[in-house]
Each structure stands twice: as structure tokens, then as C-alpha cells.
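2 protein chains.
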Amino acid sequence: MESYENIHLNKREGQHLYIQLYKAIKEMVLGDVLKEGDRLPPVRKMSKMMEVNNVTVVKAYEILEQEGLVYKKIGSGTYVSHREKEIKDNLGEEVDSNKKITLMEQGQIKIEENMINFASATPSAELFPVEDFKKVLNEVLDRDKGYAFGYQEGQGYYPLRQILGEYVAQYGINTEIDNIQIISGAQQGIDLVSKALLSYGDYVIIESPSYTGAMAAFQSRGAKIIDIPLQEDGLNLDILEKKIQAYNPKLLYIMPNFQNPTGISYTQEKKEKLLELCSKYGVYIMEDDYLSELNYYSEDIGNLKQMDDEEIVVYVKSFSKIFMPGLRLGFMVIPGNLHGRLLRAKHTSDISTSGLLQRALELYLKRGTWQEHLRYMEKKYQERFDKMNDCIQRYMPTGVEVIKPKGGVNFWFKLPNNYSSQTLYEKVVKDNVVFAPGNLFYLDNQHGEYFRLSIAAVNLIEIETGMKILCRHIDSYINNQEPINRGSFIKPIL
Amino acid sequence: MESYENIHLNKREGQHLYIQLYKAIKEMVLGDVLKEGDRLPPVRKMSKMMEVNNVTVVKAYEILEQEGLVYKKIGSGTYVSHREKEIKDNLGEEVDSNKKITLMEQGQIKIEENMINFASATPSAELFPVEDFKKVLNEVLDRDKGYAFGYQEGQGYYPLRQILGEYVAQYGINTEIDNIQIISGAQQGIDLVSKALLSYGDYVIIESPSYTGAMAAFQSRGAKIIDIPLQEDGLNLDILEKKIQAYNPKLLYIMPNFQNPTGISYTQEKKEKLLELCSKYGVYIMEDDYLSELNYYSEDIGNLKQMDDEEIVVYVKSFSKIFMPGLRLGFMVIPGNLHGRLLRAKHTSDISTSGLLQRALELYLKRGTWQEHLRYMEKKYQERFDKMNDCIQRYMPTGVEVIKPKGGVNFWFKLPNNYSSQTLYEKVVKDNVVFAPGNLFYLDNQHGEYFRLSIAAVNLIEIETGMKILCRHIDSYINNQEPINRGSFIKPIL
Numbered sequence: 001m002e003s004y005e006n007i008h009l010n011k012r013e014g015q016h017l018y019i020q021l022y023k024a025i026k027e028m029v030l031g032d033v034l035k036e037g038d039r040l041p042p043v044r045k046m047s048k049m050m051e052v053n054n055v056t057v058v059k060a061y062e063i064l065e066q067e068g069l070v071y072k073k074i075g076s077g078t079y080v081s082h083r084e085k086e087i088k089d090n091l092g093e094e095v096d097s098n099k100k101i102t103l104m105e106q107g108q109i110k111i112e113e114n115m116i117n118f119a120s121a122t123p124s125a126e127l128f129p130v131e132d133f134k135k136v137l138n139e140v141l142d143r144d145k146g147y148a149f150g151y152q153e154g155q156g157y158y159p160l161r162q163i164l165g166e167y168v169a170q171y172g173i174n175t176e177i178d179n180i181q182i183i184s185g186a187q188q189g190i191d192l193v194s195k196a197l198l199s200y201g202d203y204v205i206i207e208s209p210s211y212t213g214a215m216a217a218f219q220s221r222g223a224k225i226i227d228i229p230l231q232e233d234g235l236n237l238d239i240l241e242k243k244i245q246a247y248n249p250k251l252l253y254i255m256p257n258f259q260n261p262t263g264i265s266y267t268q269e270k271k272e273k274l275l276e277l278c279s280k281y282g283v284y285i286m287e288d289d290y291l292s293e294l295n296y297y298s299e300d301i302g303n304l305k306q307m308d309d310e311e312i313v314v315y316v317k318s319f320s321k322i323f324m325p326g327l328r329l330g331f332m333v334i335p336g337n338l339h340g341r342l343l344r345a346k347h348t349s350d351i352s353t354s355g356l357l358q359r360a361l362e363l364y365l366k367r368g369t370w371q372e373h374l375r376y377m378e379k380k381y382q383e384r385f386d387k388m389n390d391c392i393q394r395y396m397p398t399g400v401e402v403i404k405p406k407g408g409v410n411f412w413f414k415l416p417n418n419y420s421s422q423t424l425y426e427k428v429v430k431d432n433v434v435f436a437p438g439n440l441f442y443l444d445n446q447h448g449e450y451f452r453l454s455i456a457a458v459n460l461i462e463i464e465t466g467m468k469i470l471c472r473h474i475d476s477y478i479n480n481q482e483p484i485n486r487g488s489f490i491k492p493i494l
Numbered sequence: 001m002e003s004y005e006n007i008h009l010n011k012r013e014g015q016h017l018y019i020q021l022y023k024a025i026k027e028m029v030l031g032d033v034l035k036e037g038d039r040l041p042p043v044r045k046m047s048k049m050m051e052v053n054n055v056t057v058v059k060a061y062e063i064l065e066q067e068g069l070v071y072k073k074i075g076s077g078t079y080v081s082h083r084e085k086e087i088k089d090n091l092g093e094e095v096d097s098n099k100k101i102t103l104m105e106q107g108q109i110k111i112e113e114n115m116i117n118f119a120s121a122t123p124s125a126e127l128f129p130v131e132d133f134k135k136v137l138n139e140v141l142d143r144d145k146g147y148a149f150g151y152q153e154g155q156g157y158y159p160l161r162q163i164l165g166e167y168v169a170q171y172g173i174n175t176e177i178d179n180i181q182i183i184s185g186a187q188q189g190i191d192l193v194s195k196a197l198l199s200y201g202d203y204v205i206i207e208s209p210s211y212t213g214a215m216a217a218f219q220s221r222g223a224k225i226i227d228i229p230l231q232e233d234g235l236n237l238d239i240l241e242k243k244i245q246a247y248n249p250k251l252l253y254i255m256p257n258f259q260n261p262t263g264i265s266y267t268q269e270k271k272e273k274l275l276e277l278c279s280k281y282g283v284y285i286m287e288d289d290y291l292s293e294l295n296y297y298s299e300d301i302g303n304l305k306q307m308d309d310e311e312i313v314v315y316v317k318s319f320s321k322i323f324m325p326g327l328r329l330g331f332m333v334i335p336g337n338l339h340g341r342l343l344r345a346k347h348t349s350d351i352s353t354s355g356l357l358q359r360a361l362e363l364y365l366k367r368g369t370w371q372e373h374l375r376y377m378e379k380k381y382q383e384r385f386d387k388m389n390d391c392i393q394r395y396m397p398t399g400v401e402v403i404k405p406k407g408g409v410n411f412w413f414k415l416p417n418n419y420s421s422q423t424l425y426e427k428v429v430k431d432n433v434v435f436a437p438g439n440l441f442y443l444d445n446q447h448g449e450y451f452r453l454s455i456a457a458v459n460l461i462e463i464e465t466g467m468k469i470l471c472r473h474i475d476s477y478i479n480n481q482e483p484i485n486r487g488s489f490i491k492p493i494l
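Spelled out as C-alpha cells, the structure:
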């Protein structure tokens, strides 16, 4: 206890007392004055020692916990965590920098006007059918008046569910309207499934790399994530079976077509076997279909849901990539026996999705404008896709590996060993080109040698220009300079 | 184990195997063949015995768990629960009736065209400023084009946060724009705070009765809820302090003005002491302000957030009651140190709220149309409020207690002992009048002697007509008939 006597909080300083206390304890942890496993004094004891309010201590402990420096055991107290080197990198930073969480750590990125943006996997504003959508919005308002602004049924506006049922039927999925659940975007779908299926301590299996937003949702439930490295045709099923046997997971989260970030697709055979395997062990599958419509060269584009006789697949469909992300609309096709649980999760999350936007989308789909827009997007994206393949062939230095997808918007690259895409990023961004460093897609935030280029938000000229700049930097980086060791990446706080 | 031999699943029957298995086990539980604490066979063992897939057993066990008939211990197995009598009522029901969860159990209610609706606390469609909102929607689309449909910043559209900062300043809350978080309705706010603050096993204190949607959100996090009975001027602070000392809760959830469902408001003195108490013990407060703007006769309408020097109050503001519920828009004023955690929770939940609707609301607020609409709503609601008070005085039978609020839209009643508002409901609904039975607002789903009448969705004529019908039924029920014992209410599945 003695060491705490050296902490002196100063009420007259500009800085909040809890920040002062947080910093003092942090220094003790990083300076090894407090060791791994040491218990911090209970809140009331500490507040007496420091002559401050309990709330000051609580807040200080919370920031420490948030930074992973300490952890709580229920009913027992607060303990110093096992430390990793990276933590030290933060030292000295002002901590009102709760606010300085970098955007990229949250799966966001700041794009300046003049940047060439290979980082975003969502289409840019000029591709949106604004005028057509404005028309249907106004028609809905004239037709439904105030009813467009009332609460909508939790499961979603019935006519919209009806027409979405017809939409998925085109992709081989035959379902009842009752098994379609409207969601405020695919991320909400993932969150709802997590709420419905996962309790504290449950296991989830994911592909590695995968979509960070899904990992965050699982972790938020207190679930434990097992990641299995992707192969070029999907997950290795032998490894998957072993992991299922070992961990008895509740859920498998996958993107079987044009996976994000790798662009990898499963073969039809693998899809079938995967389904069989999960049926055998009673593992639910969340199939995240974020853009299988954008298929240019694959003949193997079937989804899992269409083969789901055992009703173990939750099919989550986003409109963000193929339509407009800001609508925050998507839907799920769910197993009948999850109906009640998912509806309750929806109610707990946001009651229902905006009725106005649901009604407008329904009218938009009914008009057939949708199919037209989809063909337009496909054409646009395929031009970019071909252009990107062309640029890779012409400009990408030898030594950089690439997985060539057959559709979608993402390309996945690997730098030669021990070169870091984060370091590359810092060079390239100075020339106004941005992309997504690979570590962002890994559970352990490692594997910095990978990176993702997306063609969703760049036109043909930008692809040409951007690839020239990027590849020049890669060339100079891997051919003229010492490789940098891994480990220096930003840590995600989630 | 022997008893399971009597189960015979028939693959050729129309019913799914998992339903057949579920029913068979349910009968064994209800028939006391399986006793409290008995362990069900592990999934693989059971599937061998029954000669079915694992997934069939998993699904059957899940439905049993969902119905509270069995529970799981992590890493140990599935056990028969302590049973309550009510469970038996469900027996014999078809269980594809996952789908038949009654609406009211989800905090919803089905309203027919010709019904007098005292049940809904949200305004009806004819009160919405549809034309004005249509105008700003179109202006936004013409001005921002595709950008209105791009992803919005997770924290919310900046100009909207700016103008909301000015809005709350009118109510005494001075905050930085950085501490305003846009949410897709107040329910999402509650969900985000739960995600940010609550882990498995944490304690939350709530008022009793309270808003069911909040309880569901806390329970979904695995938190434990302590409810404290409300007094006519708010929570008893001595009891509160004792509960805080005993349970060390993370969060207190309250509605200090015109509480839902009771209409109770805290005195200014009590608000101050409450804040002091929670500061002392380091307990965060979630202040749910769903309609303090609708103040007709109170002089004591201050909020907690305006006195929140220690930054422990999360102020959650809904627009559903005073504007339009279907927009799914609200906001929070948060303590600076929760900024990062709430933003991450938002990202995990739905990335961001619809940009189009945020931009339209910003323009609507900027035009000043808002203040005009608010005055209109206040006037409308006050007329109804006065009318309701008048009808209570004229028609409500002696023996029924009522708490008279000074604002808002809710009135809270108590039938004489052992009379059930659920029974009353079943009588009154036949005459096309509906209201909210009180048990829906309690954690234990008891206290059926209470009920709530709301004036949000009824006009003056409907109030007069509806109250006559309702009070006639009450009179005949409590004066001519045997009281009904409690315990027969519908159980919530949450």
C-alpha cells in the first residue's frame, strides 16, 4: 500500500482529479511499481487515502480498465493486467484523449477531398440513385402521410418483407415472410444475432482475417472468438471440425462469397460440406452476404441459405455496398425457431427501423428501378475491377502476393515478410492515397504484412493514378529499405 | 435415463423432429417425470439415443431454455429449472408458436381501427407535421444529393449535434458538442449505455414500476436488476443508499419527470440529493427524459443533467413522444469520460444513424418550425390532460386510487386489492377500449392491480366516451363480482 502515498492529487490544477489519479496509477503500472496480478485498493479505501470522492476513483479505475491496464473480477476487485509492450507507446499522451481514439481503430477513416480512396469498401455518393429515391419518398409521404412516421412493426413493414422475399427467391432462397426480419443495416443484424444466441463465455468461430465490426459485436457479448486462417477456397474443414469439437461453439460467422477483406469465395462443394458439418454439431451459421450480387466471373455463387434444410443459417443481407449505406437498411432470412428471440433482440435494440425509409425502399423495389440500378452498379464496378486487375499486372512489384477474386470490390495483398503495411500507409498517405492496413482485420491486430485495396470509392482514373503512386512506394519500400519489425501497430481498444 | 426410452420421434409426421422432441421433454418436465435440477443428457448422447442429428437436440433444448423449463450451466450441461405454476398454462399449445408471442409481452399492442386507445403513450399520426417535414426532406436532398445517403459520422451529423446543444441549453444543460451522441431512438440510447457500462453480473437499480424496454436491455447484458418501489415524490433515498451499499451497482436508471408509467416527478430537493448520493458512491445515472417538455402545472421541472458537476449523468432524450416516433431519432448528453465507450457501442450496434433523417431534422430545428410544433403539441396534450382529469373526477368509481401527475401523458391507477387489471382488460377490450395493464411495467410481472391510461393517442371525444365505458366496467367488476387472485397473468418471455 505504501507506494500510493507518493500520489499527490492537486485540486487546483486544471486537470480533473480522476485524470490525475489515472495517470499516477498508470505510471506505477508501466514503471513496474505495480506488478501483474496486484490488487488495487477497493474504491472506498482509495478514495479515503486520496481524500477524493468515490466517483473520482471509479472513473480513474474505469479508464485504466478501458486501456487494458487493469481488469475486474466480479465480487473480488480490480487487478493489474498482464502487460504487453505496446501499452508503453501510449504513455505521456494526454488522456482526455478518450476523445482521440483514432478513426481507423473504429473501422473508420478520414478521407480528404483530394485523396484517392482505396480504403473504403462502400460506394461513393455519385453512384446513388438520389432522384429516383426522392421520387418514391415523396410518393410515400403523399400516400401514407403521418402513418409513415408512426412506429413500424418490430419485424419490419410487411409489404417490404414481402417484396424482399421475392428478391431472395431469385437467389434460390425460398422462405416465409415471417422469417424475414428488417434491420437497420447489416451491423445491426450481427448485433441482433449476437444478442439472440451468445451469452457470456460462449464460443464463436470466425474466418481470419474477417470483418472487425462482427468481432466487436461478439466480444461485446462476452463471447470468446476462435479464428481459423482462411485458405484460398475458404476454411479448412478438418481444422474447423476439430475446433468445433474442442470448443462447442454457438455460432460460425462467415462470408462465403467475395469475403471481406480477402475476396475469397468458397467452392460449391465446400459450401455443402460446411453446412453438413455445422448441422452435425448443431452450430448456427451467420452468413454475411454483403455483395454477392457483384459477380463478374464466378460460376459458383450459390449461398448457404438456399441449401439450409436444417434451418441453422441466419442470412444477413446488407444494402450498403450495392445500394446506399446511409439508408441504414438491410434484412435477414432467419431460421423459424429463432424468430422470437431475434424479434425481442430487435425490440431491445431500437424498437423498429424507420418506417419512412422502409416504405420508400418498398416502393423503390416495386418499381423495378432496383434491378436497373443493380445492373448499373455491376457495370460500373466491373469496369473498375478489370482496371484494377490490369494495374496490378502492370505496376505491382514482384514479391507482393495477391489473391485474385472473381467478383466484389476488395483485393487482398501480402507484402514480403516483415514489411509492414502500416509503415507503407504512412508513406503513401503523404501522396494522398489511402488503403486499409491488414492488421485491422485480425483479431490479434497482427499480420501487418497484409493490406486491402477496394474499388468501391475510386473511379477508373483514380485507380490508374493511385496504383502508380502506391506501387512506386511499395517498390522503394521493399527494395531499398530495411524491413520494419511487426508490433508497432496501433492497438484497437475494443 | 430410462424415461427417455418412452420418447418416440416420428420422421414421417408433419411436425419437425425438434418440435416433437421439445414437446416430449416438456411433458416429462411438467409431468414431474423430470425433477428440478435433473440434468438432461448431453446433446451427442441424446442424439444417439433418439437417432437424430445433433442439431435437432440443440434446437429442442433451446426452445426449452427459452421457455424457462431448463437452464444451461457453462461447461456443465442443461438442467431442469425450478418451475412455476404458470408454465402449465402453455401446455398443449403448438410451439411453432415461437411466433405467437403476444404483442403485449413485447411492449406492443394491436389496435383496431375503431378502438379507443388509452394504451399507447405515443402520439397518433394526425398530430405529425408531415408537410413541414416533407419540405425539409426535399431541401436536404436537393442540397446534399448523394451525400445524404453516405455513412454518417458515428457520433452523429455535426450540425445536428450543434443545434441540439442549443436546444438543451434552453433546459439548463450546458455541454460541449463532443458530448452529444445521436441515437436511433431512446431505446437505442438505453442499449448503448448498457453495452458501455454493464458486464455480466453487474447490478442496475431501477424504479418500480418502470419502462420494460430498459429492463430488457439490462437483462440482455446479463446484468442483475434491483427494483425499488416509487413513492409519490420519487425513490426513497434511504432505501436507495442501502441498496447501493449492498449491491455496488454500476447504474441507476430513472425518469425524474413525469415518470413512465406513473407520471410521478421528483422534487427539486430530491433530485439534488439523489445526485449527491450517486456521486458519493460512484454510480452512473441514466436520466431518461421522454417528455419533460409537456409540462402543464409543475414548477419543478429541472433535470439532473443540468446539475451534473461530477459528470455521472447520461441524459437520454427521445423525440418519440413529443415529435414523431417513426423517425427513430434521439440524442444523449454524455459524461466526457464515456465518450469513447459509447461511440464504440454505437459502432457495434448500427455504425451510424440514417444521415438523411439527421440532416432533415437539423433543417427542421433550424427553421424554428420545431418550437411552433412543440407549442401545438403542448396545447393539444394539455386539453386532453384536463379532459382526462375531469373524467376521472366524474366517472372513476370510489376505491380506485389514482396518482395525479402535473404533466406528460400518463395516468396511473390502482384497483382495490386483488382485483386484476388483466381481467378488467379482457372485459373492456370487448367494448373496443384498450389500456396498459400494470403488470407489464414490473420486473416480476406482478402487481396486476395497477393500470396505466395514456392520453397520447386519444382525442377529447374518445377520452369522454372511453372513460365512460371503462369506468362502467370497473364499477361492475369491483362492486358486483368476486375479486380474482393474482398469478394468472401472461408471463413475459424476456
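These protein sequences, in sequence, are chains A and B. So the first sequence is numbered by the UniProt record's numbering: it starts at 1 and just counts up by one. So the second sequence is numbered by the UniProt record's numbering: it starts at 1 and just counts up by one. We treat Cβ as the ideally placed atom computed from N, Cα and C, and that holds for glycine.
Residue i versus the options, residue with shortest Cα-Cα distance
{"i": "K242 (chain A)", "options": "A:I205, A:P261, A:N260", "result": "A:I205"}
{"i": "D144 (chain B)", "options": "A:S420, A:E131, A:G146", "result": "A:E131"}
{"i": "N389 (chain B)", "options": "B:L21, B:I455, B:I228", "result": "B:I455"}
{"i": "N479 (chain A)", "options": "A:E464, A:N417, A:P437", "result": "A:N417"}
{"i": "I285 (chain B)", "options": "B:N260, B:I190, B:L30, B:Y253", "result": "B:Y253"}
{"i": "L415 (chain A)", "options": "A:E426, A:K406, A:V402", "result": "A:V402"}
{"i": "T122 (chain B)", "options": "B:L294, B:M467, B:M396, B:Q371", "result": "B:L294"}
{"i": "S420 (chain B)", "options": "B:G399, B:F435, B:F385, B:E449", "result": "B:E449"}
{"i": "F331 (chain B)", "options": "B:C278, B:E126, B:F441, B:I190", "result": "B:I190"}
{"i": "S184 (chain A)", "options": "B:K366, B:R328, B:V29, B:R375", "result": "B:R328"}
Inter-residue spacing [alpha-carbon to alpha-carbon] between residue i and residue j
{"i": "A186 (chain B)", "j": "K317 (chain B)", "result": "6 Å"}
{"i": "Y79 (chain B)", "j": "R39 (chain B)", "result": "4 Å"}
{"i": "E378 (chain A)", "j": "R359 (chain B)", "result": "29 Å"}
{"i": "V136 (chain A)", "j": "Q382 (chain B)", "result": "36 Å"}
{"i": "H8 (chain A)", "j": "V52 (chain A)", "result": "11 Å"}
{"i": "M46 (chain B)", "j": "A24 (chain B)", "result": "13 Å"}
{"i": "Y158 (chain A)", "j": "Q446 (chain B)", "result": "34 Å"}
{"i": "V400 (chain B)", "j": "E462 (chain B)", "result": "21 Å"}
{"i": "K85 (chain A)", "j": "L34 (chain A)", "result": "Residue placement at K85 (chain A) cannot be trusted, given a pLDDT of 35 that sits under 50; what the coordinates show is reported in the next sentence. If I take the Cα positions, the gap works out to 15 Å."}
{"i": "Y395 (chain B)", "j": "V434 (chain B)", "result": "17 Å"}
{"i": "V57 (chain A)", "j": "A457 (chain B)", "result": "47 Å"}
{"i": "F118 (chain B)", "j": "L17 (chain A)", "result": "50 Å"}
As assigned by DSSP and simplified to three states, the class of residue i
{"i": "L356 (chain A)", "result": "helix"}
{"i": "P249 (chain A)", "result": "coil"}
{"i": "V204 (chain B)", "result": "strand"}
{"i": "Y151 (chain B)", "result": "coil"}
{"i": "Y315 (chain B)", "result": "strand"}
{"i": "L67 (chain A)", "result": "According to the sequence shown, residue 67 (chain A) is Glu rather than Leu. Correct three-state label for E67 (chain A): coil."}
{"i": "residue 503 (chain B)", "result": "Residue 503 (chain B) lies beyond the range of chain B shown here (1 to 494); nothing can be said about it."}
{"i": "L329 (chain B)", "result": "coil"}
Cutoff 7 Å; reference residue i; Cβ partners in own chain excluding five residues on either side
{"i": "Q152 (chain A)", "result": "S352, T353, G355, Q358"}
{"i": "S292 (chain B)", "result": "N257, F258, I301, N303"}
Close-in-space but distant-in-sequence residues of the same chain around residue i (CB under 8 Å, 5 per side omitted)
{"i": "V140 (chain B)", "result": "A148, L356, R359, A360, L363"}
{"i": "L343 (chain A)", "result": "G154, Q155, Q181"}
Assumed close pair residue i, residue j - CB separation to whole angstroms, cut-off 8 Å
{"i": "N432 (chain B)", "j": "Y281 (chain A)", "result": "The Cβ separation is near 52 Å, so there is no contact."}
{"i": "P436 (chain B)", "j": "K195 (chain B)", "result": "Per the sequence shown, residue 436 (chain B) should be read as Ala rather than Pro. Actually they are not in contact, since the Cβ atoms of A436 (chain B) and K195 (chain B) sit about 28 Å apart, beyond 8 Å."}
Close-in-space but distant-in-sequence residues of the same chain around residue i (CB under 6 Å, 5 per side omitted)
{"i": "H373 (chain B)", "result": "P129"}
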